[in-house]
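Participant: Attaching a single structure in structure tokens format; questions to follow.
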Amino acid sequence: DSGVTQTPKHLITATGQRVTLRCSPRSGDLSVYWYQQSLDQGLQFLIQYYNGEERAKGNILERFSAQQFPDLHSELNLSSLELGDSALYFCASNPTGSTEAFFGQGTRLTVV
Amino acid sequence: GESVGLHLPTLSVQEGDNSIINCAYSNSASDYFIWYKQESGKGPQFIIDIRSNMDKRQGQRVTVLLNKTVKHLSLQIAATQPGDSAVYFCAEGGSSGGGADGLTFGKGTHLIIQP
């Protein structure tokens with residue numbers, strides 16, 4: 044168990060819909076990262092938050108957004124969903140200054 | 006893991022043999038490199054990292070080698086066990102400085118341990 048908790052584990056939704064994925068980082072970790080893992084693109088960095096502030100952006104679509112709350116949990120919002128958004132979405136956290144990121148079990152999103 | 010598909014290179018080794026997994030990286034400005042292991046249905050798990058100012062680092066049964074001249078990274082696993090079966094990813098990070106960035110992952114190699 045990495046200590047990073049993601050909910051839900053599985054999500055099935057229709058095209059055009061909006062979903063919210065949730066992540067609780069390891070206790071004490073201020074950074075939260077979101078990644079997308081798909082068959083054709085592999086693991087792609089989406090966005091990073093540090094102590095409530097956006098810190099770095101990767102290949103995140105404009106239809107996607109994220110935030111980190113005062114209790115450090117984070118949510119990834121995916122809207123106007125398309126079939127190609129079907130993927131595993133991982134959240135990770137790491138202690139400040141450490142390269143070791145701990146990944147959650149992921150949320151498997153299926154868009155039908 | 007289950008989310009990586011048909012295009013992954015595969016390495017098949019006999020149980021007890023040593024495995025060497027290779028990775029080419031692209032960004033010469035990366036500060037550090039990491040190997041992750043992903044078992045089916047799970048998130049990536051940190052194995053070992055190496056800073057860009059090093060060329061070798063050893064852990065328990067694993068050794069990472071970094072060749073910056075040719076931008077090549079390798080992971081050596083000694084005496085492979087059935088539990089080593091997984092997809093292995095190399096990742097690079099730190100190129101933006103200050104530790105504020107996400108990792109850039111390679112495509113992954115599927116390691117299969119033959120009994």
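First to last, the protein sequences are chains X and W.
By the count of the working numbering, the first sequence reaches residue 155 at its end, each step adding exactly one.
By the count of the working numbering, the second sequence reaches residue 120 at its end, each step adding exactly one.
Note that beta-carbon positions come from the ideal geometry of N, C-alpha and C, so glycine has one too.
Computed from a prediction, not measured in an experiment: that's the story for all the values here.
Is there at least one Cβ from chain X nearer than 8 Å to W:GLY21's Cβ?
Facilitator: Numbered from its first residue, the second sequence carries residue 21 of chain W at position 16. W:GLY21 does not count as touching chain X.
Participant: What does X:SER45 reach in chain W if we use C-beta pairs closer than 8 Å?
Facilitator: The residue given as residue 45 of chain X occupies position 2 in the first sequence. Under the 8 Å cutoff, chain W gives GLY48 and GLN50.
Participant: In whole angstroms, give me the CA-to-CA distance for W:GLN63 and W:VAL69.
Facilitator: Residue mapping note: residue 63 of chain W aligns to position 58 of the second sequence, counting from 1. Residue mapping note: residue 69 of chain W aligns to position 64 of the second sequence, counting from 1. So the alpha carbons of these two residues sit roughly 6 Å apart.
Participant: Which class does X:GLY127 belong to by DSSP, given the choice of helix, strand or coil?
Facilitator: On the first sequence, residue 127 of chain X is found 84 positions in, with the first residue counted as 1. Helix at X:GLY127.
Participant: If distances are taken between C-alpha atoms only, which option among X:ASN94, X:GLN80, X:SER74 and X:THR139 comes closest to X:THR150?
Facilitator: Position 107 of the first sequence holds residue 150 of chain X. X:THR150 has its Cα closest to that of X:GLN80, out of X:ASN94, X:GLN80, X:SER74 and X:THR139.
Participant: X:GLY85 by DSSP, collapsed to three states: which one?
Facilitator: The sequence position of residue 85 of chain X within the first sequence is 42, counting from 1. Residue state, collapsed to three classes: strand.
Participant: In terms of alpha-carbon separation, which member of X:ILE103, X:GLN60, X:GLY59 and X:CYS66 lies closest to X:VAL47?
Facilitator: Within the first sequence, numbered from 1, the residue matching residue 47 of chain X stands at position 4. Among X:ILE103, X:GLN60, X:GLY59 and X:CYS66, the Cα nearest to that of X:VAL47 is on X:CYS66.
Participant: Closer than 7 Å by beta-carbon distance: list the chain X residues that pair up with W:ILE39, in chain order.
Facilitator: Residue numbering aside, residue 39 of chain W sits at position 34 when the second sequence is read from its first letter. Within chain X, the residues near W:ILE39 are THR142.
Participant: With the cut-off set at 8 Å, would you say W:SER90 and W:ILE53 are in Cβ contact?
Facilitator: On the second sequence, residue 90 of chain W is found 85 positions in, with the first residue counted as 1. On the second sequence, residue 53 of chain W is found 48 positions in, with the first residue counted as 1. Result no, Cβ atoms of W:SER90 and W:ILE53 do not sit closer than 8 Å.
Participant: Would you call the stretch 18–32 of chain W and the stretch 74–89 of chain X in contact, with 3 or more CB pairs under 8 Å?
Facilitator: Taking 8 Å as the limit for Cβ pairs, the verdict is that the stretch 74–89 of chain X does not touch the stretch 18–32 of chain W.
Participant: Thinking C-beta only, is W:ILE39 closer than 8 Å to W:ALA96?
Facilitator: What you label residue 96 of chain W is simply residue 91 of the second sequence in a count that begins at 1. What you label residue 39 of chain W is simply residue 34 of the second sequence in a count that begins at 1. It is a contact, given that the beta carbons lie within the stated cut-off.
Participant: Rounded C-beta distance between W:ASP106 and X:GLN91? I'm assuming under 8 Å.
Facilitator: Locating residue 106 of chain W in the second sequence gives position 101, counting from the first residue. Locating residue 91 of chain X in the first sequence gives position 48, counting from the first residue. Correct: roughly 7 Å between the Cβ atoms.
Participant: Using the rule of at least 16 other Cβ atoms within 10 Å of the residue's Cβ for burial, across every protein chain shown, is X:PHE52 buried or exposed?
Facilitator: As a first step, residue 52 of chain X must be located in the first sequence, where it is residue number 9. Reading off the sequence shown, one finds Lys at residue 52 of chain X, where the question assumed Phe. Its Cβ having fewer than 16 others within 10 Å, X:LYS52 is exposed.
Participant: Please decide whether W:LYS73 counts as near chain X, where near means a Cβ-Cβ distance under 8 Å.
Facilitator: For the purposes of this step, residue 73 of chain W is taken as the residue at position 68 of the second sequence. Cβ-Cβ to chain X under 8 Å: no for W:LYS73.
Participant: Is the separation between the beta-carbon of W:LEU127 and that of W:LEU16 shorter than 8 Å?
Facilitator: Look at the range of chain W in this structure, 6 to 120, and you will see that residue 127 of chain W is not part of it.
Participant: Could I get the ranges of all uninterrupted beta strand (DSSP E) runs contained in the stretch 57–108 of chain W, with 3 residues as the minimum, in chain order?
Facilitator: Runs found: 61–63, 67–72, 77–82 and 91–98.
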